[in-house]
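**Q** Everything in the sequence shown is counted per the working numbering, starting at 654 for the first residue and increasing by one. Even glycine gets a Cβ: it sits at the ideal position worked out from N, Cα and C. The structure is given below, and queries will be raised subsequently.
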Amino acid sequence: MTDAPVVRLEKDGDIALIIVNYPPVNALGPGVSDGIIECLNRANGDPGVKAMVLMGDGRSFIAGADIRGFGTGRKRPPIGSRTYDVLDASPKPVVAAIHGYALGGGLENAMACHYRIAVPSAKVGLPEVQIGILPGGGGTQRLPRLAGVQVALDMITSGRHVPAPEALTFGILDEVLPQGADLRSSAVAYARKIAAVRPLPRVRDKSATADPGVFEAMRKSIARKARNQLAPYHCIAAVEASVTLPFDEGIAKEAALFAELENSDEAKALRYAFFAEREVAKIPDLPVGVEPHDFHIPAVIGAGTMGGGIAMAFADFGYDVKIMDATRDALDRGMEKIRNNYATSVKRGSLKQEEMEKRLARIHPVGGYEDLRDCDLVVEAVFERMDVKKPVFEKLDEVLGPQAFLYSNSSALDLDELAGVTKRPERVAGTHFFSPANVMKLLEVVRPPRASFETVATAMALGRKIGKVSAIAGNTDGFVANRSRAPFNSEMVILLEEGCLPEQVDKVMVDFGYPMGPFAVGDLAGLDISAEGRKRRAAANPNYRKLPIADTLVEMGRLGQKTGAGWYRYEKGDRTPHPDPEVAAIIKRIAAEMGVPQKTFTDQEILRRLLFSSVNEACKILEEGKAYRTSDVDVMWLHGFGFPRYRGGLFFWADGIGVREVYNQIAAWHQQYGDRWAPSKLLRDLAESGTSFREAKPAPFV
Ligand code: 3H9
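Here is the structure:
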């Protein structure tokens, strides 16, 4: 850190430039708002200055309030003396000159300026809802006045980043500069052009109008997504105030609603998730100087569901990618599926036909290994069996240049064993995508013991480049995500043996915040997938807890949606799950054969049986040194399994209950159910020492 001021005043003739310099993203950290006000006052007091420009150094304009300051009791200036008020009251015009991001408090400051110009690559937005709060710097009052109520509602309840050209059409920006124009000199010229214009155009002087039905309609339209949350509704209420109240009263209403949200459980969880997502990208023991390698010609081996999805993920982010399969037939079928997937997006309106063609053209089917010679990065996604994968790796090792990286999309197999068939085990690691691979955000990067840091860092960077959240996992059966989830998957079926029904369990989990219940998800994925894994584990471990109900459904050919029946039954051409009396009868029969006593369950018992089993397993993973941080597990659950973000993640949620209570319950179930509930040592240590999951120290990564 240097002693350079976080905001400085420069002059270019009769124009003053107020420049924020608070790396890395110019958040409104300590001293920034005060600095802006001080510079503004100096410029207003300088008779040689006709107008001002507000801009940011480095990569952004202003990325918003300093999120680390929320919930800390940090004092904020009262309404009337905030930057927004001082900008409003400025007798000389101020031009906000935007590059990078103008988000949250950044855009709110820009809207309190008299003019806004931006480079074409800039993005603006009010993403506060994503951290459980609302725009508290006048955004809910100024944006509807500037861009209209509907645009304001859409932007504020979604938090999306709006590209500058679109923001121009909304009226948020006054001008988007031509490509390549220099922002600083253009802003100075713009300021000179408007310096004498009076009255000063102030957003607060405009009015916002809307049909009152708009707000109710918005509440209805977000109801499903905003389940269990307060912030999206408070956002709507605040925007409504822009229509029903004078500006100053609207600001007071916004502040009151903001105060209700700042320390809510939802805001705390979402702030935690924000920082956990940034932490997960860091490899703590990465030696200084190790950089990820760039790749130019990626390839995917296997054109099945996973391989096709992975190839789409590359193509979606602008990469040309080769794709290969064992036979021409399989490859053709894979390409057909890819085309159909894109066509579905076009039909739904989420993709333009022209964009579909561009993406398809980036996916290059190739006939054999010879065609892969020039590839520098390969993701293997063939059938999940070691004896199928090994020959593929042998062949890749033989054909590809020595610098090429070989990654496997395995979801559970021993990658060290796989690496062992090559002469480059240091260049072999896992890139475990989640299905559908072009949609799901999580990329689990698996680090087998011989993989080099370059190999792991390159996989992490690969994820980032194709829009994924990359998280590192150790080489353990099921890695981190699936291994921590596995007990949940068993427990949900064991609950059926004890008297639950799939629809009852699903309802509890949907009420908790999952987009779908776990049984409905099972039907979507196909029940044969997990049956394969169970078979493999049962063969390897005589004490493996069998799940006769799940096995029976698979034996009956009830494989899920694809066969019209699984845990639920499905009408032809419809994905709605219907509870099935036949399943209820099977459950009853098997439970009786097993002699399991039947009981009724509360929602809380169901929830805890599922999630505590995973908390315990995740603790075992940490004590074995197979994950770096508890928060990494949370990120995996958010992006791999649809865990509700406003609950932070598995461990964050469990911390809300308390380590001691979690441990006591697990210990009690250990007594009742036996070994599968044996508490992990780490969990016991945490409970005994009163340490939270967040503060837990995992064993060194191995
Ligand atoms: C707000 O404005 C409230 C107001 O309405 C009124 C209040 C009264 N604060 O994401 P990156 C850190 S709420 C603190 O990797 P990128 C981040 O943790 C705010 N820190 O970069 C990371 O640190 P580290 C509304 C922040 O280029 C580093 O910067 N604004 C903040 O991939 C780099 O971040 C938002 O919600 C912050 N506001 O993406 C915007 N922002 O290196 C939140 C970033 O130690 N920010 N950091 O891990 C973002 O969405 C992305 O950071 C951004 C850049 C898109 C800007």
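Check each candidate in Pro700, Pro852, Ala749 and Asn762 and name the one with the smallest Cα separation from Ala842.
**A** For Ala842, the nearest C-alpha among the options comes from Ala749.
**Q** Is Tyr1221 near Asp1204, with beta carbons less than 8 Å apart?
**A** Not a contact, by the Cβ cut-off of 8 Å.
**Q** Mind checking Met654: buried by the 16 CB within 10 Å criterion, or exposed?
**A** Below a pLDDT of 50, predicted positions are generally treated as unreliable, and Met654, at 49, falls in that range; the measurement from the model is reported next regardless. Label assigned to Met654: exposed.
**Q** What are the boundary residues of the alpha helix (DSSP H) that includes Gly698?
**A** Per DSSP, Gly698 belongs to the alpha helix (DSSP H) from Val685 to Gly698.
**Q** Is Ser713 near the ligand 3H9, in the sense that its beta carbon is under 7 Å from a heavy atom of that ligand?
**A** Yes; taking the cut-off as 7 Å, the Cβ of Ser713 has a heavy atom of the ligand 3H9 nearer than that.
**Q** So, helix, strand or coil for Asp665, using DSSP?
**A** Of the three classes helix, strand and coil, the one that applies to Asp665 here is strand, per DSSP.
**Q** Just to confirm the assignment: which complete alpha helix (DSSP H) runs, minimum length 4, are found wholly within the region 885-957?
**A** Segments of the alpha helix (DSSP H) lying fully in the region 885-957: 900-915 and 918-932.
**Q** So what's Met1039 in DSSP terms, helix, strand or just coil?
**A** Helix at Met1039.
**Q** Rounded to a whole number of angstroms, what is the C-alpha to C-alpha distance between Arg1136 and Ser734?
**A** Arg1136 and Ser734: Cα-Cα distance of roughly 53 Å.
**Q** Only counting the same chain, and skipping five residues up and downstream in sequence, which positions put a Cβ closer than 7 Å to that of Tyr995?
**A** Taken in chain order, the residues that qualify are Leu1004, Met1009, Arg1012 and Leu1013.
**Q** Could you work out which residue in Gly724, Lys1094, Gly1327 and Asp807 is closest to Ala920 when comparing CA atoms only?
**A** Checking every option, the nearest Cα to that of Ala920 belongs to Gly724.
**Q** Starting from Pro816, follow its DSSP beta bridges and name the residues at the other end.
**A** Beta-bridge pairing links Pro816 to Lys776.
**Q** Name the DSSP beta bridge partners of Met977, please?
**A** Answer by DSSP bridge pairing, in chain order: Ile954 and Val1019.
**Q** Going by Cα to Cα distance, which pick from Trp1330, Arg1329, Pro1351 and Asp1328 is closest to Asp1338?
**A** For Asp1338, the nearest C-alpha among the options comes from Pro1351.
**Q** Whose C-alpha, out of Leu1030, Ala1034, Ser1064 and Glu1037, is nearest the C-alpha of Pro1055?
**A** When each option's Cα is compared against that of Pro1055, the closest is Leu1030.
**Q** Ignore the nearest five residues each way along the sequence and tell me which others in Ala863's own chain have a CB closer than 7 Å to its CB.
**A** Excluding residues within five positions, the ones whose Cβ falls inside 7 Å are Val802 and Val896.
**Q** With H, G and I counted as helix, E and B as strand and the rest as coil, what does DSSP make of Met654?
**A** Only weak support is given to the placement of Met654: the predicted model assigns it a pLDDT of 49, under 50, and the value that follows is read from those uncertain coordinates. Note: Met654 maps to coil in three-state DSSP.
**Q** According to DSSP, is Tyr1326 helix, strand or coil?
**A** In this structure, Tyr1326 counts as helix in the three-state DSSP scheme.
**Q** Please confirm whether Val829 and Ala817 have their CB atoms less than 8 Å apart.
**A** Yes, the pair counts as a contact, with Cβ atoms nearer than the cut-off.
**Q** Alpha carbon to alpha carbon, how far is Gly812 from Ser774?
**A** Cα to Cα, the separation comes out at about 18 Å.
**Q** What is the rounded straight-line gap between the Cα of Leu1066 and the Cα of Val1099?
**A** Cα to Cα, the separation comes out at about 11 Å.
**Q** Helix or strand or just coil, what does DSSP make of Glu1033?
**A** In the structure shown, Glu1033 sits in a strand (DSSP, three-state: E or B).
**Q** Going by DSSP, what residues sit across from Ser1123 in a beta bridge?
**A** The partner list for Ser1123 (beta bridge, DSSP) reads Leu1096.
**Q** Report yes if the C-beta distance between Val1207 and Ala1238 is below 8 Å; otherwise report no.
**A** No, they are not a contact pair.
**Q** The beta strand (DSSP E) spanning Gly1186 covers which residue range?
**A** Taken as a continuous stretch (DSSP letters only), Gly1186 belongs to no beta strand (DSSP E), being part of the alpha helix (DSSP H) at Leu1180 to Ala1193.
**Q** Heavy atom of the ligand 3H9 less than 7 Å from the Cβ of Phe928, yes or no?
**A** Flag set: Cβ of Phe928 near the ligand 3H9.
**Q** If you draw a straight line from the alpha carbon of Ile976 to that of Phe1046, how long is it in whole angstroms?
**A** So the two alpha carbons sit approximately 15 Å from each other.
**Q** Work out the CA separation of Gly698 and Ala834 for me, nearest whole Å.
**A** Each residue's Cα considered, the two are about 31 Å apart.
**Q** Thinking C-beta only, is Val782 closer than 8 Å to Leu760?
**A** Contact flag unset, no.
**Q** Relative to the C-alpha of His1231, which residue among Asp1159, Phe1058 and Phe927 is closest?
**A** Comparing Cα-Cα distances from His1231 to each of Asp1159, Phe1058 and Phe927, the minimum goes to Asp1159.
**Q** List the whole-angstrom C-beta distance separating Gly961 from Ile936, where the pair is believed to meet the contact cut-off of C-beta under 8 Å.
**A** Wrong, their Cβ atoms sit about 30 Å apart, outside the cutoff.
**Q** In terms of alpha-carbon separation, which member of Glu1070, Lys664, Glu989 and Arg877 lies closest to Leu1166?
**A** The sequence given here places Gly at residue 1166; Leu does not occur at that position. Considering only alpha carbons, the answer is Arg877.
**Q** Could you pull out every unbroken alpha helix (DSSP H) segment of at least 4 residues lying fully inside the region 711-744, listed in chain order?
**A** As far as the region 711-744 is concerned, its whole alpha helix (DSSP H) runs of at least 4 residues are 736-742.
**Q** Output the distance between the C-alpha atoms of Leu681 and Gly792, rounded to the nearest integer angstrom.
**A** Rounded to whole angstroms, Leu681 to Gly792 spans 15 Å at the Cα level.
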